[in-house]
Amino acid sequence: MDLIETLVVVGGVALLGALSVVLKTRLFPAAEDDDEREDVAEYIAMMVSVLYAIVLGLCLVSVWDTRSAASDHVQAEASALHQTYLLADALPEDRREPLREAARTYADHVVADEWPLMEARQPLGPSGWELLERLRQAGEVGDTATVSQQIAAQEVLAQLGYVDDARRSREAAAQESLSPVLWAGLIIGGLLTLAFMFLFGIKRSTTHVVMVMGLAGFIAFTVLLIHQLDAPFGTVLGTNADAFTRYFT
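Shown next, in the form of structure tokens:
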């Protein structure tokens, strides 16, 4: 969902809330005994609003932490892969190009094949791990290598260990999503908050309409924001593949 679609949804929800208030005021005018219920209604509405604010905070923190962690994993994986590529210069001449080619192939596979799967929350399959094993094999040197070349080969293995760890974390992050319990609290809490504002509002209809419009639009925007952040590799607010394309293009 792009910016225009988001604004349309938020505006539509706000207008729907305003229309509901107008219809409610016209069809069900306030009764004389409404004042007696206002104190209790305001207290309940305040409690619901406070609890909903807590749920909103938990949801935002959860999805932001997941998105931030996913970005860190991608950066770590791409950086370690780039270091592996650079270390090829210190290997025996016959091992340099195979290692570089294996690193480029791995990066291309992540960007072209795995990224769309992560956006769709689908399993990545074994291909990436097979390419990583090919990288390890390409970085091996024989007994004829010099001491400095053997040290470089050990450093290649160390960097590939970082790639392995970051890859596992990236795969796990691609499957993470907001807890269904939090989603239920987010939706139900929003409906309850709007319901109390709708049923027990300020006496002046214009003020009531404006407040309901603002609250409905804000809740809709927040839910959409959480939905976008809940996809750590999504197309709008998710982590992109720039870390790989920057090093291997």
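At position 207 of the sequence shown the residue is numbered 207 (the numbering used here), and the sequence of numbers has no breaks. Using N, Cα and C, we set each Cβ at its ideal position, and we do this for glycine too. Everything numeric in this text was worked out from a predicted model, so none of it was measured.
Counting other Cβ atoms within 10 Å of its Cβ, P232 reaches 16 or more and is therefore classed as buried. Minimum Cα-Cα distance from T66 among the listed residues I219, G57, E93 and A172 corresponds to A172. Here V111 has A241, F244 and T245 as same chain residues with Cβ atoms under 7 Å from its own Cβ, once five neighbours each way along the sequence are excluded.
By the neighbour-count criterion, in which 16 or more other beta carbons inside 10 Å mark a residue as buried, D94 falls on the exposed side.
Boundaries cannot be given for L91, as no alpha helix (DSSP H) includes it and DSSP labels it neither H nor E.
Between Q154 and H82, the alpha-carbon positions lie close to 16 Å from each other. In this chain, the alpha helix (DSSP H) harbouring G161 covers V147 to Q175. The stretch 188-198 makes no contact with the stretch 137-146: fewer than 3 CB pairs, one atom from each, lie closer than 8 Å. Taking one beta carbon from each stretch, the stretch 162-178 and the stretch 72-81 have 3 or more pairs nearer than 8 Å; the two touch.
Annotated three-state conformation of E140 is coil, per DSSP. Under the three-state reduction of DSSP, D230 is assigned to coil, being neither helix nor strand. Under the three-state reduction of DSSP, S49 is assigned to helix. Secondary structure of V210 (DSSP, three-state): helix. L86 places its beta carbon 8 Å or farther from that of T222.
In terms of Cα proximity to L60, the closest of L225, G238 and V236 is L225. Following the DSSP letters along the chain, one finds F244 inside the alpha helix (DSSP H) bounded by residues D242 to Y247. Taking the Cα of L132 as reference, the smallest distance to any Cα among A174, M211 and L160 is reached at L160. Taking all protein chains shown into account, T84 has 16 or more neighbouring C-beta atoms within 10 Å of its C-beta and is therefore buried. Burial is judged here by how many other beta carbons sit within 10 angstroms of a residue's own beta carbon; T235 has fewer than 16 and is exposed. Sequence-distant partners of V156 (beyond 5 residues in either direction) whose C-beta falls short of 6 Å from its own C-beta, in its chain, are T84, L87 and G139.
In chain order, Q228 and L229 place their CB closer than 6 Å to the CB of L237, counting only its own chain and leaving out the 5 sequence neighbours on each side. A straight-line Cα-Cα distance of about 19 Å links L182 and R121. Residue state for Q83 is assigned as helix, using DSSP reduced to three classes.
Counting the other Cβ atoms within 10 Å of the Cβ of R100 gives 16 or more, which makes it buried.
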